[in-house]
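Convert by adding 297 to the 1-based position in the sequence shown; the result is the number in the numbering used here. Glycine included, each C-beta is placed from N, C-alpha and C at the ideal position. Structure record follows, encoded as structure tokens.
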Amino acid sequence: MTRSFKLVAVGISLLSVGALVAGTRRGSARAATSPRPPERTPSFRPGDRGLDPDLTFPESLLVQNGGPVLNLKRPPEPWMRPAKGDGQTDDTDAFRDAYDLLKREFVKHGGWNPDSYYLYLPNGVYKVTDTLIYRGKTVGASPTWNGQFDINHIRFIGQNRRKAIIRLADHSPGYGDPAKPKSVMALQHPDTIFNNVPGGNWLRNFTISIGKGNPGAVALTMQGANQTDLSHFTARSEDGAGRYGIWFKIGSIQGYYSDVTVAGFDIGIFDEVNPEGDPAFEYLTLKNQKVAGILHTGGGMSLRGVLSDQSAHGATALKLDGSGVQTVLLDSALKGGSPKRPAVEMTRRDEQCLFARNVATLGYGHALVREGHAEVSGARIEEYVSSPPLALSPGQPLRSLSLPVRDTPRVPWFNPETQWAIVDEYPSVQAAIASGKPVICFKKSRYRVNGDIRVPASVRFINGMASTLEGGEFVVAEASREPILVQDMIARLRIDSRRDVIQRCAGGAVSNPKGLPVTLWLENVNDNTSGDDFCRPGQRVYARQIDIEYGQGSQIVANGGTLWIFGFKTENMGANPFTVKNGGSLEVLGGYCNQTNRPEPEKQNPLLLNDQSNASATLFTNLGGPFVKAVVEQRGGETQIAPNTAFPRRGSVYRTDYVIPLYVGYRRK
298 MTRSFKLVAV
308 GISLLSVGAL
318 VAGTRRGSAR
328 AATSPRPPER
338 TPSFRPGDRG
348 LDPDLTFPES
358 LLVQNGGPVL
368 NLKRPPEPWM
378 RPAKGDGQTD
388 DTDAFRDAYD
398 LLKREFVKHG
408 GWNPDSYYLY
418 LPNGVYKVTD
428 TLIYRGKTVG
438 ASPTWNGQFD
448 INHIRFIGQN
458 RRKAIIRLAD
468 HSPGYGDPAK
478 PKSVMALQHP
488 DTIFNNVPGG
498 NWLRNFTISI
508 GKGNPGAVAL
518 TMQGANQTDL
528 SHFTARSEDG
538 AGRYGIWFKI
548 GSIQGYYSDV
558 TVAGFDIGIF
568 DEVNPEGDPA
578 FEYLTLKNQK
588 VAGILHTGGG
598 MSLRGVLSDQ
608 SAHGATALKL
618 DGSGVQTVLL
628 DSALKGGSPK
638 RPAVEMTRRD
648 EQCLFARNVA
658 TLGYGHALVR
668 EGHAEVSGAR
678 IEEYVSSPPL
688 ALSPGQPLRS
698 LSLPVRDTPR
708 VPWFNPETQW
718 AIVDEYPSVQ
728 AAIASGKPVI
738 CFKKSRYRVN
748 GDIRVPASVR
758 FINGMASTLE
768 GGEFVVAEAS
778 REPILVQDMI
788 ARLRIDSRRD
798 VIQRCAGGAV
808 SNPKGLPVTL
818 WLENVNDNTS
828 GDDFCRPGQR
838 VYARQIDIEY
848 GQGSQIVANG
858 GTLWIFGFKT
868 ENMGANPFTV
878 KNGGSLEVLG
888 GYCNQTNRPE
898 PEKQNPLLLN
908 DQSNASATLF
918 TNLGGPFVKA
928 VVEQRGGETQ
938 IAPNTAFPRR
948 GSVYRTDYVI
958 PLYVGYRRK
């Protein structure tokens, strides 16, 4: 039996979900009960964790030696100027030379950077006086590209965040007017409109300081699509002035942003209007902004573990402005505010969506204000949905699953001189893997093997260095209590023994065909799901920004296991983005589905299929694809359908796109 469901107004739900962040419980209402998972999230402190690894590379990986590492102090070509990093010499031209090299390779290869250089910043203070970007016009200025494409695979890696510092000289020309923001570092040319080339931009382990006397300065203009990474990063103003710490100005924007601090500026993070944007921030510290910690005006944004301290000026921690904004805010502490301001502000009653859970505030007049009216008058947001939640089956609790969450384990960098096996120094990839060393490092951009590569328990870290493995897959062949990390690599992986796996900035399907009770941690991954073998019974998957673009079938499947997703994007050509079945549990916290073609409605797969299982999801659609069947739920021989007309439109800017504020569906016992 099939029933079509029309959403009815049931009111805003503000429900108790427990306390992970210290703070008062004032402001909770309409407490409800629901099934609890057996495992609870470990207690944690919000904010940048200060994890500052010291990253060094062996000489054999330098570009001069056939590797991918371009040391800014030791550039590989004679026309390139070396950076000094002494705090006195102007290093602007050294950075621009490196950018020009990326531009040259991009143009030469027709819109791709196959060598994927790592621009390495050894410890030092790099004085700059102008925007760090390539010289000349944008490469997207041709009639073919028309500003729609630009360079990609921009990778800056610092040796140590506290010691590798890019610093704008005090009172630099062009940085004096806040009404004319100007960037210190940019990942796209200022004339670029939109970059649809998969980004793969990685910025790790360094600081950008805008110095003093530069009120119009922007520390970083960030851009990047699939696999984009910003981690262990600080943007700071030395006198508190400055326009933006991080500016999302040019789409598309995805990626996972972790352990980030923004100190000073008018606005800490400004996410400007663009349809394809959904960065996911976790462990974020915002300090002493004048206007807002975060100003979010377009697309989506997922936030977890935010520590906002606005003691200096009492600024609003998070402000939603503009049409079509979709925001997730979890497990955060917003303090130091003004009694005259709210901690979180929504400027519109309609065309904006907020899902917030477990947020403590201190010092503000209200925790949440919407179009000038207090939505949460107390100091704590337990669980809030800005539009009515959806439940298709009767008797369902109108609350999210609130699955337990585990942080990604830390894997050491190890000593590159003694503990790394460089694949090219061995007879084969398998020989390097069998060397007994904990780190296996790839040097070239592409490797082809004849058959699978068996990975023993001795290997802790496969450091792909932006390489691709073809002709076989890695096989986790031995059990271990220590997880294995696969980073910066496109390679398939099969789990054949009880060992947990971490994939970071990686692609290629990861499968668990034996259904072993293992855990996967995924950060900035794309096209790595494997249908029914991805999340089996007894298995847990923690996915922080996952991008799946398979054209057919079910793209992301929780087949009896537990799947927690914090930020995602799917590119859909008739496929089904989400399926949860076999008694599994799926929680989706922010992200969007692109539907790149429009099959006939009767032939369309649903956006989310819940087959006798548990699910909660907050997300939105993009590119105008209707997903006529938004949610299909199967329970005890009955099928319930929520059409896309049951959900709020994203607004006039996005026309036929819609947002699912919160869908919940619990399995019947």
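Beta-carbon proximity of residue i to residue j, cut-off 7 Å
i	j	result
S528	D556	yes
T518	Q551	no
G574	R533	no
S777	R796	yes
F446	G437	yes
S413	P365	yes
A754	S732	no
V682	P958	yes
Q800	V815	no
R833	G812	yes
I448	F503	no
A803	M786	yes
Y431	Y396	yes
T582	T558	yes
L369	L418	yes
V881	A840	Inspection of the sequence shows that residue 881 is occupied by Gly rather than by Val. Cβ distance not < 7 Å, so G881 and A840 don't count as in contact.
A514	G496	no
Nearest-angstrom Cβ-Cβ length linking residue i and residue j, presumed shorter than 8 Å
i	j	result
L416	R464	Rounded, the Cβ-Cβ distance is 17 Å, inconsistent with contact.
L695	A939	Not quite, the Cβ-Cβ distance comes to about 14 Å (not below 8 Å), so this is no contact.
L860	C890	L860 to C890, Cβ: 16 Å. No contact.
L659	V641	With 8 Å as the limit, L659 and V641 do not qualify as a contact, their Cβ atoms being about 13 Å apart.
V726	V746	6 Å
F865	D844	7 Å
L359	W710	Their Cβ separation, rounded to whole angstroms, is 18 Å, which puts L359 and W710 out of contact at 8 Å.
H593	D628	Their Cβ separation, rounded to whole angstroms, is 18 Å, which puts H593 and D628 out of contact at 8 Å.
D383	G421	7 Å
Y960	P945	In fact, because the Cβ distance is near 13 Å, the residues do not count as touching under 8 Å.
D885	S910	Residue 885 is actually Val in this sequence, not Asp. Actually they do not touch by this definition, with Cβ atoms about 13 Å apart.
R458	F530	7 Å
Alpha helix (DSSP H) segment containing residue i, residue limits
i	result
D394	389 to 405
I730	726 to 730
Among the options, the one whose alpha carbon lies nearest that of residue i
i	options	result
F545	G848, S480, G508	S480
G805	L819, T816, A788, G812	A788
A729	W499, G363, F758	F758
P691	L766, F924, T936, G590	T936
K424	G596, L352, D390, P923	D390
L700	N873, L352, F863, G510	F863
S549	G508, L500, N493, G542	N493
G768	M762, N760, V756, I750	I750
T765	K740, D568, N902	K740
G597	D618, G508, D704	D618
A872	G848, E884, A855	G848
N823	P810, R540, Y553, G595	Y553
N712	D345, P343, F354	F354
G962	Y951, V929, Q361	V929
G347	V720, P475, E820, E579	E579
K460	R371, S608, A538, R501	R501
Beta strand (DSSP E) segment containing residue i, residue limits
i	result
Q716	That residue, Q716, is in no beta strand (DSSP E); it is neither H nor E in DSSP.
A612	That residue, A612, is in no beta strand (DSSP E); it is neither H nor E in DSSP.
K479	479 to 483
G597	597 to 606
T531	526 to 533
K632	622 to 632
T936	935 to 940
D568	564 to 568
K584	577 to 584
F545	541 to 550
M377	Where M377 is concerned, there is no enclosing beta strand (DSSP E), given that its DSSP letter is neither H nor E.
S635	Where S635 is concerned, there is no enclosing beta strand (DSSP E), given that its DSSP letter is neither H nor E.
S506	499 to 506
L813	That residue, L813, is in no beta strand (DSSP E); it is neither H nor E in DSSP.
N856	851 to 856
I957	956 to 962
*For the segment 736 to 776, which segments carrying the alpha helix (DSSP H) assignment without a break, of at least 4 residues, lie completely within its bounds, in sequence order?*
none
*In chain order, which continuous runs of the beta strand (DSSP E) of length 3 or greater are located wholly inside the segment 860 to 933?*
873 to 878, 882 to 892, 905 to 908, 911 to 919, 926 to 932
*Taking only runs of the beta strand (DSSP E) that begin and end inside the segment 345 to 369, which ones reach a length of at least 3 residues, in chain order?*
366 to 368
*What runs of the beta strand (DSSP E), each 3 residues or longer, lie entirely inside the segment 653 to 715?*
663 to 667, 670 to 673, 677 to 682
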